[in-house]
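In the working numbering, the protein residues as written are 12 to 350. In what follows, a single structure is set out as structure tokens and then discussed.
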Amino acid sequence: MVKLDFDLERHVPELTGKVILITGAKMLASRNPAKIYITGRNEPAAQHVIADIKSTGSNTEVAFIRCDHADLASVKTAANEISKESRLDIYGQRWYHGTPSWQRTKATTTKFETRKGLTKDGYELHFWINHLAHALLIRMLLGLLQKTVKEHGEARIIPISSLASVLAPRGHGIVFTDLKTTQAYCILGKWQRYAQSKLANLLYGRELARRYPEITTLIADPGPSNTGLVSSLGFVDKTIVHLGNINRFLDEDQGHWNQVWTVGVPKAQANQGELYEPVGKLSDGYTSSEVPQSSWLSFASRIQRNIIPSIISNTTYTPLYTCISKSNQLIRTLQLVVL
Numbered sequence: 012m013v014k015l016d017f018d019l020e021r022h023v024p025e026l027t028g029k030v031i032l033i034t035g036a037k038m039l040a041s042r043n044p045a046k047i048y049i050t051g052r053n054e055p056a057a058q059h060v061i062a063d064i065k066s067t068g069s070n071t072e073v074a075f076i077r078c079d080h081a082d083l084a085s086v087k088t089a090a091n092e093i094s095k096e097s098r099l100d101i102y103g104q105r106w107y108h109g110t111p112s113w114q115r116t117k118a119t120t121t122k123f124e125t126r127k128g129l130t131k132d133g134y135e136l137h138f139w140i141n142h143l144a145h146a147l148l149i150r151m152l153l154g155l156l157q158k159t160v161k162e163h164g165e166a167r168i169i170p171i172s173s174l175a176s177v178l179a180p181r182g183h184g185i186v187f188t189d190l191k192t193t194q195a196y197c198i199l200g201k202w203q204r205y206a207q208s209k210l211a212n213l214l215y216g217r218e219l220a221r222r223y224p225e226i227t228t229l230i231a232d233p234g235p236s237n238t239g240l241v242s243s244l245g246f247v248d249k250t251i252v253h254l255g256n257i258n259r260f261l262d263e264d265q266g267h268w269n270q271v272w273t274v275g276v277p278k279a280q281a282n283q284g285e286l287y288e289p290v291g292k293l294s295d296g297y298t299s300s301e302v303p304q305s306s307w308l309s310f311a312s313r314i315q316r317n318i319i320p321s322i323i324s325n326t327t328y329t330p331l332y333t334c335i336s337k338s339n340q341l342i343r344t345l346q347l348v349v350l
């Protein structure tokens with residue numbers, strides 16, 4: 012196991028008065044935020060989490076909002092409920108490692124489900140749940156985050172990515188033309204579906220940071236840890252994970268440390284829009300991606316035409332996304348809706 016330098020009291024200041032939507036709620040509750048939201052499909056499991064937090068003696072209000080991240084209507088309902096708050100200080104992306112089939116009670120994580128499939132709205136499961144559902148939530152909560160910055164000085168968005176994004180389909184990065192299919196690729200299909208969703212989070216987080224510099228956006232890689240996410244895999248996949256992460260595995264209770272660190276690191280010491288590995292280590296494994304501009308434009312058009320109108324009406328959307336290819340230092344502006 013890796014030895015990490017992390018101490019909650021040293022790395023995360025008091026969060027008095029703050030409203031948070033994030034994974035790792037139990038740890039953050041000890042820093043006394045006003046309110047923590049947790050979301051999920053399984054209310055009994057969520058109530059177990061809430062009881063676990065309350066058992067620490069925390070006075071933080073903890074609220075559960077039912078949200079199936081594979082269902083557009085459910086995402087919209089959850090965002091509307093959270094939008095009733097007067098402030099939202101931290102949006103921490105939920106730590107999904109695949110398609111949710113059940114929810115663990117110790118934290119808001121899910122089993123790594125490698126099956127292929129489509130969402131209710133007809134999109135590839137991994138891409139929708141890991142990326143697009145969060146992009147939609149962020150788009151709907153962006154006004155509240157900006158209001159929080161104006162009135163309280165700071166707000167943060169913490170997308171979740173992974174160094175596994177290097178496994179995204181070569182030559183494509185994100186196969187936009189197949190996002191309304193199950194992407195049943197013969198070789199490493201399950202890993203490519205997962206990797207392209209994490210690549211999308213990385214690119215999206217960087218563009219959020221560029222477009223909205225007033226909001227602190229830090230991208231977190233939780234790192235590999237021995238949780239049910241790994242133990243649920245078959246022998247071959249589990250072997251791939253372990254061989255690919257020699258000397259990087261974390262203890263189960265360390266799985267949220269990096270995301271919690273991004274909550275507490277002083278803004279002046281953080282690199283806006285950058286990817287951090289556990290704990291607080293600026294990643295040098297920046298993923299390059301040659302994504303054809305026509306693919307981004309086509310996908311953006313579909314999102315604006317088919318999804319956006321059903322969420323928010325009478326709003327002007329700016330299509331934009333930035334992809335940086337480090338290999339040749341070329342910065343290309345590629346079009347996708349910043350939701």
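The C-beta atom is built at its ideal place from N, Cα and C for all residues, glycine as well.
Boundaries (first-last residue) of the alpha helix (DSSP H) holding residue i
i, result
"LEU147", "144 to 163"
"GLY284", "Per DSSP, GLY284 belongs to no alpha helix (DSSP H) and is neither H nor E."
"GLY275", "268 to 275"
Straight-line Cα distance separating residue j from residue i
i, j, result
"ILE64", "LEU26", "16 Å"
"SER41", "ARG150", "29 Å"
"LEU129", "ILE230", "27 Å"
"GLN207", "SER69", "38 Å"
"GLY133", "HIS142", "15 Å"
"ALA146", "SER172", "13 Å"
"ILE185", "SER66", "43 Å"
"PRO111", "LYS191", "Only weak support exists for where PRO111 lies, its pLDDT of 35 falling under 50; the value from the coordinates is given anyway. About 19 Å."
"ARG222", "LEU214", "12 Å"
"HIS267", "ASP232", "10 Å"
"PRO24", "VAL271", "11 Å"
"PRO170", "GLY216", "6 Å"
"ILE204", "ILE140", "Per the sequence shown, residue 204 should be read as Arg rather than Ile. Approximately 11 Å, taken between the alpha carbons."
"ILE31", "PHE75", "12 Å"
"THR228", "ALA281", "9 Å"
"GLY154", "THR273", "21 Å"
"LYS29", "PHE187", "37 Å"
"GLY200", "HIS163", "45 Å"
"ALA195", "LYS127", "7 Å"
"ARG167", "THR193", "33 Å"
"LYS161", "ASP189", "40 Å"
"ALA62", "ILE93", "21 Å"
"LEU136", "ALA144", "10 Å"
"TYR102", "GLU165", "12 Å"
"ILE33", "ILE47", "7 Å"
"TRP202", "HIS22", "33 Å"
"PRO277", "ALA220", "16 Å"
DSSP-derived helix/strand/coil call for residue i
i, result
"PRO55", "helix"
"LYS209", "helix"
"ALA81", "coil"
"TYR223", "coil"
"GLY28", "coil"
"ARG21", "helix"
"ILE140", "helix"
"THR67", "coil"
"TYR215", "helix"
"ILE93", "helix"
"VAL60", "helix"
"THR50", "strand"
"THR130", "coil"
"MET186", "Reading off the sequence, residue 186 comes out as Val, not Met. In the structure shown, VAL186 sits in coil (DSSP, three-state: anything other than H, G, I, E or B)."
"LYS87", "helix"
Any non-hydrogen atom of the ligand ATP closer than 7 Å to residue i Cβ
i, result
"ALA146", "The model depicted lacks the ligand ATP and carries no ligand whatsoever."
Nearest to residue i (by Cα), restricted to the options the options
i, options, result
"LEU99", "ALA144, ARG204, GLN157, LEU178", "GLN157"
"VAL290", "PRO235, GLY245, VAL86", "PRO235"
"GLN58", "VAL73, ASP189, PRO44, ALA45", "VAL73"
"ALA279", "GLY245, GLU225, ASN269", "GLU225"
"ASN43", "HIS22, THR71, ILE33, ALA56", "THR71"
"ALA425", "ASN212, VAL60, LEU152, GLU218", "With the chain covering 12 to 350 only, the question about residue 425 has no answer from this structure."
"LEU148", "THR159, PHE138, GLY103, VAL86", "VAL86"
Extent of the continuous beta strand (DSSP E) to which residue i belongs
i, result
"TYR102", "101 to 103"
"ARG167", "167 to 169"
request  = Determine contact between the segment 47 to 55 and the segment 74 to 88, defined as no fewer than three beta-carbon pairs at a distance below 8 Å.
outcome  = In this structure the segment 47 to 55 lies against the segment 74 to 88, because at least three pairs of beta carbons, one per stretch, are closer than 8 Å.
task = Determine contact between the segment 274 to 291 and the segment 159 to 175, defined as no fewer than three beta-carbon pairs at a distance below 8 Å.
result = yes
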